[in-house]
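**Student:** Just dropping this structure here.
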Amino acid sequence: MGRRRGPNRLVNEAQVSEELKITIALALKKLTQNDDQKELELPSSLTSEERKYIHFLSQQMGFKSKSRGKGSSRYLTVYKKEGSTIMSSEAVVSLADPTRATILGLLQRCPVTNKERQDLLPATERDRLMNPELRDLSVLRSLGRLTPGPPQIPPPPSLSDLTAEARKLPIWNMRDQLLAAVHHNQVILVCGETGSGKTTQVPQMLLQEASSLGKPCRIFCTQPRRISALTIAERVAAERGEKVGYTVGYQIRLESKLSPKTLLTFCTNGVLLRTLMGGDSSLASVTHILVDEVHERDRFTDFLLIVLRDCLPKFRHLKLLLMSAALDVNLYAKYFNNCPVIDVPGRCYPVKEYFLEDVLKYTNYQTPEMVKASKELEQRQSGQKTATAWTQQLSQQILSNVSAASALASPNKISNTSQSKNQ
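If you count the sequence shown from 1, you need to add 228 to reach our numbering.
Structural data, given as structure tokens:
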């Protein structure tokens with residue numbers, strides 16, 4: 229068969245198999261006969277020529293058709309002119325700026341959860357957009373994907389016993405310089421030695437600034453390992469005087485602790501990568517991304533930096549902070565268009581040397597052989613003490629006898645001397 233021209237289409241039927249033609253014809257005929265069915269969704273495995281043919285055939289049979297998605301995720305939907313949710317989903321309502329500001333303020337005070345957002349969709353549209361396995365938010369989190377949400381103004385932190393200790397860290401003295409660099413640049417590099425406070429204090433500085441200025445924010449902080457994301461989230465929440473899952477939470481594979489109020493989420497590099505695989509639209513509501521320990525150069529970190537650099541021109545509001553204890557400044561600065569570098573000085577901690585013998589003594593570690601040797605040593609020491617005491621006692625007795633004998637011999641010697649003088 230040759231080529232057929234539809235409206236704005238050129239169909240090459242030679243590239244469409246007869247099996248597909250028969251299958252599509254039967255499916256469209258069934259759609260015509262079924263009054264309850266309003267739409268027919270076709271899989272994303274179709275080629276462009278096959279989609280063109282289906283568009284042409286749908287128009288010939290009195291249906292409308294629409295393709296959505298990009299690349300391998302592009303799928304086609306054939307629908308009736310009346311009763312379909314496709315037309316209603318394409319409607320656009322324009323709002324005035326004051327109305328948009330009012331709605332935004334309401335959403336910030338009372339954020340909508342993912343479940344509520346999905347419930348507001350029409351049933352057919354919800355089935356189209358969401359895989360049935362992913363409708364439950366807990367399932368979505370267990371698969372290791374971050375859930376979107378609007379930025380909000382964070383609450384001020386509460387003073388805790390850890391606040392004074394946190395302010396003694398070296399990075400606290402560079403707070404103003406760091407925040408100014410974040411304000412004037414989209415990407416900055418924070419290089420500091422271990423123990424300077426980068427991981428725990430930089431996210432808190434961003435939260436505190438947003439709270440004091442009344443600016444909404446949503447922060448993602450990535451870690452190379454799951455245990456790091458979990459423990460750091462607990463530490464930061466404790467320093468803010470909160471429980472994990474309120475303002476500060478974490479999202480790792482198979483486990484999460486988040487809420488609609490969570491604005492600082494600690495996650496692994498793989499979790500953020502999986503989220504971006506579903507589309508970069510998830511970054512629309514994110515204000516800051518912190519990538520920690522970038523010097524480790526694992527495959528997730530490298531791919532994440534590639535994706536984030538490509539997303540920066542699209543999301544001009546997004547701030548990217550790279551942090552490491554041993555950062556190759558020239559390499560990363562050049563990769564991100566000579567971005568500024570913040571050097572955080574470290575501090576020397578007192579070091580004490582302990583040897584194995586000292587540790588055994590402090591822990592009272594003993595084996596059966598050591599207990600036996602200790603008893604033998606005690607017995608020898610006890611015998612030595614007894615022998616020493618007996619020797620000292622015997623020596624004292626001998627000295628006493630010698631002294632007594634000397635005292636008796638002295639008067640006889642004196643009398644003999646005086647008799648010899650008289651003669």
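Virtual Cβ for every residue (Gly too), placed ideally from N, Cα, C. None of these values were measured; they are calculated from a predicted model.
Tell me the residue span of the beta strand (DSSP E) that contains Gly-420.
**Tutor:** Translated into positions along the sequence shown, residue 420 becomes position 192. Segment 415–420, the beta strand (DSSP E) holding Gly-420.
**Student:** Does the beta-carbon of Cys-338 have 16 or more other beta-carbons within 10 angstroms, so that it is buried, or is it exposed?
**Tutor:** Position 110 of the sequence shown, counting from 1, holds the residue named residue 338. The residue in question, Cys-338, is exposed, as its Cβ has fewer than 16 Cβ neighbours within 10 Å.
**Student:** Please go through the segment 385–414 and give each complete beta strand (DSSP E) segment of 3 or more residues, from N-terminal end onward.
**Tutor:** List check, beta strand (DSSP E) in window: nothing returned.
**Student:** Which residue or residues does DSSP assign as beta-bridge partners of Gly-477?
**Tutor:** One-based indexing of the sequence shown puts residue 477 at position 249. Beta-bridge pairing links Gly-477 to Thr-493.
**Student:** Have a look at Glu-470 and Pro-596 and give me their C-alpha separation to the nearest angstrom.
**Tutor:** Reading the sequence shown from its first residue, position 242 is the one you call residue 470. Reading the sequence shown from its first residue, position 368 is the one you call residue 596. Between Glu-470 and Pro-596, the C-alpha separation is close to 49 Å.
**Student:** Can Tyr-478 and Ala-461 be called in contact, C-beta distance under 9 Å?
**Tutor:** Taking the sequence shown and counting its residues from 1, one reaches residue 478 at position 250. Taking the sequence shown and counting its residues from 1, one reaches residue 461 at position 233. Going by C-beta atoms, Tyr-478 is nearer than 9 Å to Ala-461.
**Student:** Is Phe-291 helix, strand or coil by DSSP?
**Tutor:** Numbered from its first residue, the sequence shown carries residue 291 at position 63. Reduced to three states, the DSSP call for Phe-291 is coil.
**Student:** Let me confirm a value: Met-505 is counted as buried when at least 16 other C-beta atoms fall within 10 Å, else exposed. Which label applies?
**Tutor:** Taking the first residue of the sequence shown as 1, we reach residue 505 at position 277. Exposed is the call here.
**Student:** To the nearest angstrom, how far is the alpha carbon of Gln-436 from that of Pro-385?
**Tutor:** On the sequence shown, residue 436 is found 208 positions in, with the first residue counted as 1. On the sequence shown, residue 385 is found 157 positions in, with the first residue counted as 1. Distance between the alpha carbons of Gln-436 and Pro-385 is about 7 Å.
**Student:** Please return the same chain residues whose Cβ sits closer than 7 Å to the Cβ of Gly-234, not counting the five positions on each side in sequence.
**Tutor:** Start at 1 with the first residue of the sequence shown, and residue 234 comes out as number 6. Reliability fails at Gly-234, whose pLDDT of 45 lies under 50, so the model's placement of it is uncertain and the value that follows must be treated cautiously. Closer than 7 Å at Cβ, skipping near neighbours: His-283, Phe-284 and Gln-287.
**Student:** Rounding to the nearest angstrom, what Cα-Cα distance links Val-572 and Thr-330 in this structure?
**Tutor:** Within the sequence shown, the letter at position 344 stands for residue 572. Within the sequence shown, the letter at position 102 stands for residue 330. Distance between the alpha carbons of Val-572 and Thr-330 is about 41 Å.
**Student:** Could you tell me the boundaries of the beta strand (DSSP E) in which Glu-269 lies?
**Tutor:** Taking the sequence shown and counting its residues from 1, one reaches residue 269 at position 41. Segment 267–270, the beta strand (DSSP E) holding Glu-269.
**Student:** Does the separation of the CB atoms of Cys-445 and Gln-380 fall below 9 Å?
**Tutor:** Within the sequence shown, the letter at position 217 stands for residue 445. Within the sequence shown, the letter at position 152 stands for residue 380. Taking 9 Å as the Cβ cut-off, Cys-445 and Gln-380 qualify as a contacting pair.
**Student:** Rounded to the nearest angstrom, what separates Ser-388 and Ala-408 at their Cα positions?
**Tutor:** The residue you call residue 388 lines up with position 160 of the sequence shown. The residue you call residue 408 lines up with position 180 of the sequence shown. Answer to the nearest angstrom: the Cα atoms are 27 Å apart.
**Student:** For the beta strand (DSSP E) containing Tyr-307, list its first residue and its last residue.
**Tutor:** By 1-based counting over the sequence shown, the position of residue 307 is 79. 303–307 is the span of the beta strand (DSSP E), which, as asked, contains Tyr-307.
**Student:** Any Cβ of chain D within less than 9 Å of the Cβ of His-283?
**Tutor:** Any reference to chain D falls outside this structure, which holds one protein chain only.
**Student:** Report yes or no: do the segment 411–419 and the segment 440–459 share at least 3 C-beta pairs separated by less than 8 Å?
**Tutor:** The answer is no - the segment 440–459 does not touch the segment 411–419, with fewer than three Cβ pairs under 8 Å.
**Student:** Give the straight-line distance between the Cα atoms of Glu-267 and Val-244, rounded to the nearest whole angstrom.
**Tutor:** Working through the sequence shown from its first residue, we reach residue 267 at position 39. Working through the sequence shown from its first residue, we reach residue 244 at position 16. C-alpha separation (whole angstroms): 23 Å.
**Student:** For the alpha helix (DSSP H) that Phe-583 lies in, which residues bound it at each end?
**Tutor:** The count along the sequence shown starts at 1 and reaches residue 583 at position 355. Unbroken run through Phe-583: none, as it is neither H nor E.
**Student:** Can you give the Cα-Cα distance for Trp-400 and Gly-425, rounded to whole angstroms?
**Tutor:** Numbered from 1 along the sequence shown, position 172 holds the residue referred to as residue 400. Numbered from 1 along the sequence shown, position 197 holds the residue referred to as residue 425. Each residue's Cα considered, the two are about 8 Å apart.
**Student:** Use the C-beta contact count for His-516: other C-beta atoms within 10 angstroms, 16 or more gives buried, fewer gives exposed.
**Tutor:** Along the sequence shown, one-based indexing puts residue 516 at 288. With 16 or more other Cβ atoms within 10 Å, it is buried.
**Student:** Please confirm if the segment 449–459 is in contact with the segment 493–512, defined as three or more CB-CB distances below 8 Å between the two stretches.
**Tutor:** Taking 8 Å as the limit for Cβ pairs, the verdict is that the segment 493–512 does touch the segment 449–459.
**Student:** Apart from the five residues just before and just after Gly-473, which ones in its own chain have a Cβ nearer than 6 Å to its Cβ?
**Tutor:** Start at 1 with the first residue of the sequence shown, and residue 473 comes out as number 245. Excluding residues within five positions, the ones whose Cβ falls inside 6 Å are Lys-485 and Ser-487.
**Student:** Please classify Val-499 as buried or exposed, where buried requires at least 16 neighbouring CB atoms within 10 angstroms.
**Tutor:** As a first step, residue 499 is located in the sequence shown; it is residue number 271 there, counting from the start. Val-499 comes out buried.
**Student:** For Ile-484, does the three-state DSSP call read helix, strand or coil?
**Tutor:** Stepping through the sequence shown from its first residue, residue 484 is reached at position 256. In the sequence as presented, Ile is not what sits at residue 484; that position holds Ser. Residue state, collapsed to three classes: strand.
**Student:** Are the beta-carbon atoms of Leu-501 and Ile-480 separated by less than 9 Å?
**Tutor:** As a working note, residue 501 is residue 273 in the sequence shown. As a working note, residue 480 is residue 252 in the sequence shown. No, the Cβ-Cβ distance between Leu-501 and Ile-480 is not below 9 Å.
**Student:** By DSSP, does Cys-445 sit in helix, in strand, or in coil?
**Tutor:** As a first step, residue 445 must be located in the sequence shown, where it is residue number 217. Three-state DSSP puts Cys-445 in a strand.
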